Amino acid sequence: MTRLRAQIVCEPSLSAFAKDCHFDSYIRLGKGEENMGGRQRPALLCDVFEAFIGAVYLDQGIEAARKFISQVMITKLNEDAFSHVMDYKTGLQEELQKNGDVDIQYILLSEDGPAHAKQFDVEVRAFGKVMGQGQGPSKKAAEQKAAQNALESLKK
1 MTRLRAQIVC EPSLSAFAKD CHFDSYIRLG KGEENMGGRQ RPALLCDVFE AFIGAVYLDQ
61 GIEAARKFIS QVMITKLNED AFSHVMDYKT GLQEELQKNG DVDIQYILLS EDGPAHAKQF
121 DVEVRAFGKV MGQGQGPSKK AAEQKAAQNA LESLKK
């Protein structure tokens with residue numbers, strides 16, 4: 001249940017819900033953000049979706065918020081729409097801890113680029129060695145990519 005909850009409330013899922021509701025067409029952006037593709041940025045869409053649920057709750061109450069969530073999210077749950085979302089960090093932790101506790105560390109190697117287009121480089125270490133490395137537009141994304149690469153190398 002915890003893994004399913006994590007899959008539902010993760011950024012890719014929430015941004016997909018926002019797109020399904022066409023929230024991207026209602027966002028007001030500055031010219032710079034618009035030109036940089038901000039309307040399709042998953043983090044922004046996720047924030048908009050969460051804010052909308054909060055607004056429904058504040059304006060209409062908990063039952064209206066539950067109804068909206070049920071209509072938008074629960075129907076996708078029944079369609080098995082979250083099977084594509086993989087939390088590689090959890091998967092790596094489960095794989096490495098099959099034989100007992102292990103200390104897993106995610107180390108930021110570099111952070112490059114301007115504030116609006118950062119690129120992070122992260123490595124994951126366990127058992128005193130580098131297990132994988134990954135890059136991404138956020139530390140979280142880079143950590144997920146590093147964990148994914150570590151899992152793939154373990155399967156070889």
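For the sequence shown, UniProt numbering assigns the number 1 to the initial residue and increments by one for each residue that follows. For every residue, glycine included, the Cβ atom is placed at its ideal position computed from N, Cα and C. Quantities reported herein were computed from a predicted structural model and do not represent experimental measurements.
For the candidate residues the options, whose alpha-carbon lies nearest to that of residue i?
| i | options | result |
| --- | --- | --- |
| Val102 | Glu111, Gly128, Ala117 | Gly128 |
| Arg39 | Ser15, Asp87, Met131 | Ser15 |
| Gly32 | Ser153, Ala141, Ala117, Ala147 | Ala117 |
| Cys10 | Ala51, Lys98, Asp87 | Asp87 |
| Val122 | Glu95, Lys89, Glu94, Leu29 | Lys89 |
Are the CB atoms of residue i and residue j nearer to each other than 9 angstroms?
| i | j | result |
| --- | --- | --- |
| Asp24 | Leu45 | yes |
| Phe17 | Met73 | yes |
| Gly136 | Leu151 | no |
| Glu143 | Val124 | yes |
Starting from residue i, trace the beta strand (DSSP E) both ways and give me its first and last residue.
| i | result |
| --- | --- |
| Ile107 | 105-112 |
| Gly134 | 129-136 |
With residue i as the anchor, note down where its alpha helix (DSSP H) starts and where it stops.
| i | result |
| --- | --- |
| Lys140 | 139-155 |
| Val9 | Note, Val9: premise wrong, no alpha helix (DSSP H); not H, not E. |
| Val122 | Element bounds for Val122: not the alpha helix (DSSP H) but the beta strand (DSSP E), 119-126. |
| Tyr26 | No alpha helix (DSSP H) holds Tyr26; DSSP gives it neither H nor E. |
| Asn99 | Segment: none, Asn99 is in no alpha helix (DSSP H) and carries neither H nor E. |
| Ile69 | 62-69 |
| Gly32 | 31-35 |
Residue i to residue j, Cα distance in whole Å?
| i | j | result |
| --- | --- | --- |
| Ala115 | Lys155 | 36 angstroms |
| Gly54 | Met36 | 27 angstroms |
| Phe49 | Ala141 | 20 angstroms |
| Gln71 | Ser138 | 31 angstroms |
| Ile8 | Ser153 | 27 angstroms |
| Glu63 | Pro42 | 27 angstroms |
| Asp20 | Ser13 | 10 angstroms |
| Gly134 | Asn149 | 7 angstroms |
| Lys145 | Lys67 | 35 angstroms |
| Ala51 | Ile27 | 12 angstroms |
| Ala126 | Leu92 | 10 angstroms |
| Gln105 | Ala147 | 10 angstroms |
Check whether the stretch 105-116 touches the stretch 47-59, counting contact only when three or more Cβ pairs, one atom from each stretch, lie closer than 8 angstroms. The stretch 105-116 is not in contact with the stretch 47-59.
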